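Enquirer:
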Amino acid sequence: MAKAKSKKQYKEKQGDNLNSTKETMTSLKVTYLSYILLIAIFLFSFYIRGIIPMKTAFQQGLVGFAMDDSVFHMRLVENTINFFPHRIFYDAFTIYPYGSTIHWGPLFDQMIAFFAIIAGLFLNGGLPAQSTIDTVGVFFPAVLGALMVFPVYFIGKELLNNKAGLIGAFLIAILPGQFFSRSILGFTDNHIAEVFYTTLMMMFFIMAIKKAENITFDHWLKRDWATLKVPITYTLLAGISFGAYLLTWTTGVFFAVVFGIFIVVQYVIDHYRGKSTEYLGIVGIIAYFVALIMTVPYVDLSNEFSSSRYSALHIIVTGGGIVVFALLSLVSREMNKREYKGYHYLLFVLVAIFVGIILLKIISPALYNATIGQWNFLFEGLKDGGLTIGEASPTSYEAALGYFGYNYVLSYISIILLCYYVLKKSNAEYTLLVVWSIFVLGIMLAQNRFGYYYAVNVAILSGILGSRFLDFADWKSFNSNDIIECVKKIRVQHIISFILVIAVIGFLPSNASPYKITMQEAPGGAVGSGFYEWNEALTWMRNNTPVPDLPYYSIYQKPAPGQPYNYSRNDYGVMSWWDYGHIITYWGHRIPNANPFQAGIGGSLTHDPGASTFLTAQTEEEANAVLDKLGINGKPGARYVVSNAYMAYSIQPIFGIWNKSDVYGSFYALNTRGGRLLVPGQKFYDTMESRLHIFDANGMKYYRLVHESQPNPNTQGGYYEVGVYNQGNQITPVCDSQQICVGKYWYNFAYKSDIPIEYTGYAKIFEYVKGARITGNAPPGTNVTLNNTIKTNIGRTIQYKQVAASNGTYVFIVPYSTLGPIPGETRFDTGPVGPYSLTAGNVSEQIDVAEKDVLEGGTITVDL
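Heads up: the sequence shown begins at 4 in my numbering, then just goes up one per residue.
1. Is the CB of residue 557 under 8 angstroms away from at least one CB in chain D?
2. Based on DSSP bridge pairs, tell me the residues matched to residue 150.
3. Apart from the five residues on each side of it in sequence, which residues of its chain come closer than 8 angstroms, Cβ to Cβ, to residue 806?
4. Shortest alpha-carbon distance to residue 397 belongs to which of 450, 291 and 728?
5. Rounded to whole angstroms, how far is the Cβ of residue 816 from the Cβ of residue 776, which I believe are closer than 8 angstroms?
6. Quick one: residues in its chain with C-beta nearer than 6 angstroms to the C-beta of residue 547, no 5 flanking neighbours on either side, listed in chain order?
7. What are the complete alpha helix (DSSP H) segments, minimum 4 residues, inside the stretch 44 to 125?
8. Do residue 577 and residue 643 have their beta-carbon atoms positioned less than 8 angstroms apart in this structure?
9. Excluding the 5 residues flanking residue 855 on each side, which residues of the same chain have their C-beta closer than 7 angstroms to its C-beta?
10. Out of curiosity, what's the CA-to-CA distance linking residue 464 and residue 500?
11. With residue 601 as the anchor, note down where its alpha helix (DSSP H) starts and where it stops.
12. Using the three-state DSSP reduction, which class does residue 280 fall into: helix, strand or coil?
13. Would you report the Cα separation of residue 469 and residue 201, rounded to the nearest angstrom?
14. Can you tell me whether residue 344 sits near the ligand FAD, meaning its C-beta is under 7 angstroms from at least one heavy atom of the ligand?
15. Just confirm the distance between the C-beta atoms of residue 250 and residue 191, as a whole number of angstroms; I'd bet it's less than 8 angstroms.
16. If I'm right that residue 335 touches residue 270 with Cβ under 8 angstroms, what's the distance once you round it to whole angstroms?
17. Does DSSP put residue 460 in a helix, a strand or coil?
18. Buried or exposed: which applies to residue 185, given that a residue is buried once 16 or more other Cβ atoms fall within 10 Å of its Cβ?
19. Can you give me the start and stop residues for the beta strand (DSSP E) that residue 736 sits inside?
20. Go to residue 708, then tell me how far its beta strand (DSSP E) extends in each direction, as first and last residue.
21. How do the stretch 35 to 50 and the stretch 161 to 177 stand: do at least 3 beta-carbon pairs fall below 8 angstroms, yes or no?
22. Rounding to the nearest angstrom, what Cα-Cα distance links residue 724 and residue 782 in this structure?
23. Using the C-alpha atoms, what's the distance from residue 81 back to residue 134?
24. Quick one: what's residue 623 bridged to in DSSP?
25. Here's the rule I'm using: 16 or more other beta-carbon atoms within 10 Å means buried, otherwise exposed. How should residue 543 be labelled?
26. If residue 517 and residue 178 are in contact, beta carbons under 8 angstroms, what's the gap, nearest whole angstrom?
27. When you compare each of 276, 412 and 303 to residue 93 by their alpha carbons, which one comes out closest?
28. Would you kindly work out how many angstroms separate the C-alpha atoms of residue 374 and residue 245, rounded to a whole number?
29. Just verifying my parser: in three-state terms, what is the DSSP assignment at residue 29?
30. Is the beta carbon of residue 645 less than 8 angstroms from the beta carbon of residue 655?
31. What's the gap between the Cα of residue 281 and the Cα of residue 428?
32. Could you spell out the range, first to last residue, of the beta strand (DSSP E) harbouring residue 839?
33. I'd like the list of long-range same chain contacts for residue 426, defined as Cβ closer than 6 angstroms, with 5 residues on each side in sequence excluded.
34. Could you tell me the distance, in whole angstroms, from the CA atom of residue 572 to the CA atom of residue 596?
35. Give the DSSP-derived three-state secondary structure of residue 861 in the structure shown.
36. For residue 835, is the classification buried or exposed, using 16 other Cβ atoms within 10 angstroms of its Cβ as the cut-off for buried?
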C-alpha cells in the first residue's frame, strides 16, 4: 500500500507548483514571441500596402485602381456578381470586332466577388453597392500581399528555424519592385494571388515531404491511418493550394512541370543513397490528383494544348504527373528489392526522359510544341515589339538590385549553400527550394515582371543565409524557451551580428535600400499617371456617346475561331493604343479595338490592321482604310479615337516598332548653347496620332475633336507638350534623354509654323464621321478658304481651316456641324462657335452645317 505524503512534503510540492506557475507567467516562450513578431510584421506589411496609399487611392470621389489589368479584373468581378459564381471566359466587350477569350483563371475574380457579396449582405441585405465592390477590390491585393509573411515564415521555419522564418517574413514585407507594386492598394491583378498560392503550395509541399519521409505504400495497404493522417493532411492542403494556383493563372502548369522536375531529381538522389522514394510518389500523386479534379471542370478541349487557356494540356500535365510519379515509384521499389545500384536508376530515368521526348515529338508535335517547345520562350523572353512592353524586358543587375537590394546577391550565395546541403544531407525540402529558385530566377532574368515570383525566393534564401550568419555569431545557443534566460546570454557580438543582418537585407545599399524604396513608392499606390484625366474623359464618353446594343453585364456566346462576334449595327469600336483598352471597357463601357492582352495591335511586316497601323498612318485615307478592314456590318471598325499626351509625345516610336516602320523619318538638327537638339522630321508630325492630338484634328475631313480633359503638364507625355519652360528670363528645352524635342515650340521653330504653344487636354476624344460635303462654283484659278473657330469644353479655341484650289468648282469635306448635336448621337461639347466662313477672292459666305449631313455625308451647295 502506498505511503501517504506528509504535510511537509505536500507543502513543498505546492510551493514548487506555485514557483513554476510564477515562472510561467513571468517568462515568455520564444516560440510565442516568434508568433507575436510575425503578427507585428504582418500588420506592418499591411500598413505600408493598405494604409499609406489610402490618400492617393481615395480622392476626387474615385477609387484608384491600376489602369491596365486591374480595371479589367474589376469589370470581370462586377460581371461575376451578376451571375455568381460563373465568371465569363469570353468577353465581347473588348477587341472589336472579335471579342476576346479571357486567359486568366476565374478564382481571383470569384474571390473578390464572393467577399463583395458577403459585404453587401451585411451592409444592405442584398447585392453590394458599387462603392462596396470597389472597396473590397481595392484592398484585396494589399491583404493578400500582407498575408504573404505567413507562408514565407513557415517555409523558413521548416527549412531551418524561427530566425530564418522571421527574417524571410520581414524581408517579404519590405521588398520593393515588382512584388510590392503588385501587392499594393488598388493593384487588383491576379499576380499577387498567383504568388500567394504558389508560396502556400510550396509551404504545404515542404511540410508534406518532411512528414511523409518515412511512409511507404505498405502503410496504405495496411491502412495505417495513424501514420498516414498528418502527411496526407498536408499533402491534401498542398494539392488544394496547387489547384487554387492553377485556377488563378492558367499558365501555372509551368510550375506543375517545375515541381515534377524536383520530384524526378529527388527520386534519383534518394534512390542513389539507398533511401525509400515511395513517399515522393505518395505526395506527388495525391497532390496532382487533387489539382486535376479542381481544374477539369474549366477545361475546354477546343483550346487544344494551349498553356494560356484551360485545355487538354492541363489534364495531360497533372494527370501525366500522376502516371510518371507512379512509374518512378514502382521502378524504384522493384530496383531496391533486387538491390540494383543507384546508377542503374539514374540510367533508367535518363533513358526514359530521352525516349519520352522523342516519342512525344513523333506522336504529338502539337503537344511537344506546347510543352518542351515553350521553354525557350520562357527563358529567352520576348522580341521586337514585345520588348517595348516594360514588364517583359530582361532583368538587368541594376534592376534586380532595385527590386531586392543586396539580397539579390545573397540569394545566389544561398542557392550554392543549399546545393551543398542537398549533396551532403539529401533533404528533399532543400532540393525543392533549389529547383524552385533556379527556375523562377530563370524566368525573371528573361522578363523582369517575374520579379514578383522571385521576391519570395529571395526572402526565403536570404532568411536562411541570415540565420546561418547569426548562428556563426553564437545565436545558436539561444535555444531556451525562457526569454529572460535568452536575454541574459546576449553579448556585444550578438547585437552587432543582428544589426548587420537587418542592415544588409533591409537597408543596404544606400542607393537601393529595399526599405527606403518601398516607403517612397507606397504613397503613390497603384494610381498611374493621367488617371483622373482618363477617368473624366471616358466617363464623359460613357454618358455622351451612343450606347451600344451589346449589354455590359452578360454571358457572351463565343464565336467560331477567327470569326467576328455577332455585333449589331449599333455596336462600334473605339481606337486607341493597346495600353488603354481596359479602361475604355471599364470606365467608358465601350468596346476597344486593342487592349493590354497585346491584342488588336496590328502591324508587323505585313502591316496588319490595328492600333499601330492606324496611329502611324500618314494620311486620313490610309487611316480610314485600316478602320474599313476592321469593320463589319458595312461600317468601319471604330467610331471614336481616344488619345493622350503620352501617346503623342512619348511613345509614337513604339507604335512604329510594332508596325515595323520608323515614325521619325529624318531629323532637323539645332545647335544651341546647351548642345545639339533634334526635332523629328515631318513624317512624325504627319502620323494620325500627331494630326489628332498635337494639332487637334485641325483641317482634317473625317475626324473631329468632341471632348478633352483638363491639361496636366505633370504627367508622362504632358510634360513634353509645350517643349520648353521659362527659368527666369531663360528658355530651357524640354526634350527626352536622346535630346529629341517634340514639343510645339520646337515644331514652330523648325517648320516656321504658328500653332498655339499651350498645354491642352491630356486625354482627348475624336469622332470618325463621313463628313459633310460643301461644294459649289467658284472663279477658276482662285483659292477657296474655309474657316471656323472651334471652342472646346475647357474653353480653348482652335482656328479650323481648309484651303482648296478652284478649277471652276471647289469641294470641302468637314467633320463639324454648326447646328449642334441631335438625339441619339454624340452629345459633343466641343464644336464651332458659329457658321463656317467660305471665302474666294472678295466674296465671302456664312454656311451652317447640320449634324445629319456630317454623319451621313450629306452635300451642301454654295456658289461663290
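Even glycine gets a Cβ: it sits at the ideal position worked out from N, Cα and C.
If you're wondering where the values come from, they're calculated on a predicted model, not measured in any experiment.
Expert: On the basis of the data shown:
1. No chain D is part of this structure, which consists of one protein chain only.
2. Working through the sequence shown from its first residue, we reach residue 150 at position 147. Beta-bridge pairing links residue 150 to no other residue.
3. If you number the sequence shown from 1, residue 806 lands on position 803. Excluding positions up to five away in sequence, the list reads 786, 787, 788 and 789.
4. Reading the sequence shown from its first residue, position 394 is the one you call residue 397. Nearest C-alpha to residue 397: 450.
5. The residue you call residue 816 lines up with position 813 of the sequence shown. The residue you call residue 776 lines up with position 773 of the sequence shown. With a Cβ gap of about 6 angstroms, residue 816 and residue 776 count as contacting.
6. The count along the sequence shown starts at 1 and reaches residue 547 at position 544. So the qualifying residues of the chain are 830.
7. 57 to 60 and 72 to 85
8. To locate residue 643, count along the sequence shown from 1; it is residue 640. To locate residue 577, count along the sequence shown from 1; it is residue 574. For residue 643 and residue 577, yes; Cβs fall inside 8 angstroms.
9. Residue mapping note: residue 855 aligns to position 852 of the sequence shown, counting from 1. The residues are 825 and 861.
10. Walking along the sequence shown from the start, residue 464 turns up at place 461. Walking along the sequence shown from the start, residue 500 turns up at place 497. Roughly 18 angstroms separates the two Cα atoms.
11. On the sequence shown, position 598 is the one that residue 601 refers to. Residue 601 -> no alpha helix (DSSP H), and no H or E assigned at all.
12. Position 277 of the sequence shown holds residue 280. Here residue 280 sits in coil by DSSP.
13. Looking up residue 469 in the sequence shown gives position 466. Looking up residue 201 in the sequence shown gives position 198. Taking the straight line joining both Cα atoms gives about 23 angstroms.
14. Among the components modelled here there is no ligand, and therefore nothing to report on the ligand FAD.
15. Taking the first residue of the sequence shown as position 1, residue 250 is located at position 247. Taking the first residue of the sequence shown as position 1, residue 191 is located at position 188. Their Cβ separation, rounded to whole angstroms, is 17 angstroms, which puts residue 250 and residue 191 out of contact at 8 angstroms.
16. Working through the sequence shown from its first residue, we reach residue 335 at position 332. Working through the sequence shown from its first residue, we reach residue 270 at position 267. Rounded, the Cβ-Cβ distance is 6 angstroms, consistent with contact.
17. Along the sequence shown, one-based indexing puts residue 460 at 457. DSSP places residue 460 in helix when its eight states are reduced to three.
18. Along the sequence shown, one-based indexing puts residue 185 at 182. Burial call: buried.
19. The residue you call residue 736 lines up with position 733 of the sequence shown. 733 to 736 is the extent of the beta strand (DSSP E) around residue 736.
20. Here the question's residue 708 lines up with position 705 in the sequence shown. First-last of the beta strand (DSSP E) with residue 708: 706 to 711.
21. yes
22. Sequence index remark: in the sequence shown, residue 724 carries index 721 (1-based). Sequence index remark: in the sequence shown, residue 782 carries index 779 (1-based). Their backbone Cα atoms lie some 41 angstroms apart in a straight line.
23. In the sequence shown, counting from the first residue as 1, residue 134 sits at position 131. In the sequence shown, counting from the first residue as 1, residue 81 sits at position 78. Cα to Cα, residue 134 sits roughly 12 angstroms from residue 81.
24. Here the question's residue 623 lines up with position 620 in the sequence shown. According to DSSP, which records beta bridges pairwise, residue 623 is partnered with nothing at all.
25. Within the sequence shown, the letter at position 540 stands for residue 543. Buried, because 16 or more other Cβ atoms sit within 10 Å of the Cβ of residue 543.
26. By 1-based counting over the sequence shown, the position of residue 517 is 514. By 1-based counting over the sequence shown, the position of residue 178 is 175. Confirmed, Cβ separation roughly 5 angstroms.
27. Mapped onto the sequence shown, residue 93 falls at position 90. Of the candidates 276, 412 and 303, the one whose C-alpha sits nearest the C-alpha of residue 93 is 303.
28. Here residue 374 is taken as the residue at index 371 of the sequence shown, counted from 1. Here residue 245 is taken as the residue at index 242 of the sequence shown, counted from 1. Rounded to whole angstroms, residue 374 to residue 245 spans 19 angstroms at the Cα level.
29. On the sequence shown, position 26 is the one that residue 29 refers to. Here residue 29 scores only 41 on pLDDT, less than 50, and its place in the model should not be relied on; the value that follows carries that caveat. Correct three-state label for residue 29: helix.
30. Working through the sequence shown from its first residue, we reach residue 645 at position 642. Working through the sequence shown from its first residue, we reach residue 655 at position 652. Contact flag unset, no.
31. As a first step, residue 281 must be located in the sequence shown, where it is residue number 278. As a first step, residue 428 must be located in the sequence shown, where it is residue number 425. C-alpha separation (whole angstroms): 18 angstroms.
32. For the purposes of this step, residue 839 is taken as the residue at position 836 of the sequence shown. 839 to 843 is the span of the beta strand (DSSP E), which, as asked, contains residue 839.
33. Along the sequence shown, one-based indexing puts residue 426 at 423. Around residue 426: no qualifying Cβ.
34. Looking up residue 572 in the sequence shown gives position 569. Looking up residue 596 in the sequence shown gives position 593. Approximately 16 angstroms between the Cα atoms of the pair.
35. On the sequence shown, residue 861 is found 858 positions in, with the first residue counted as 1. Residue state, collapsed to three classes: coil.
36. Residue 835 sits at position 832 when you count from the first residue of the sequence shown. So residue 835 counts as buried.
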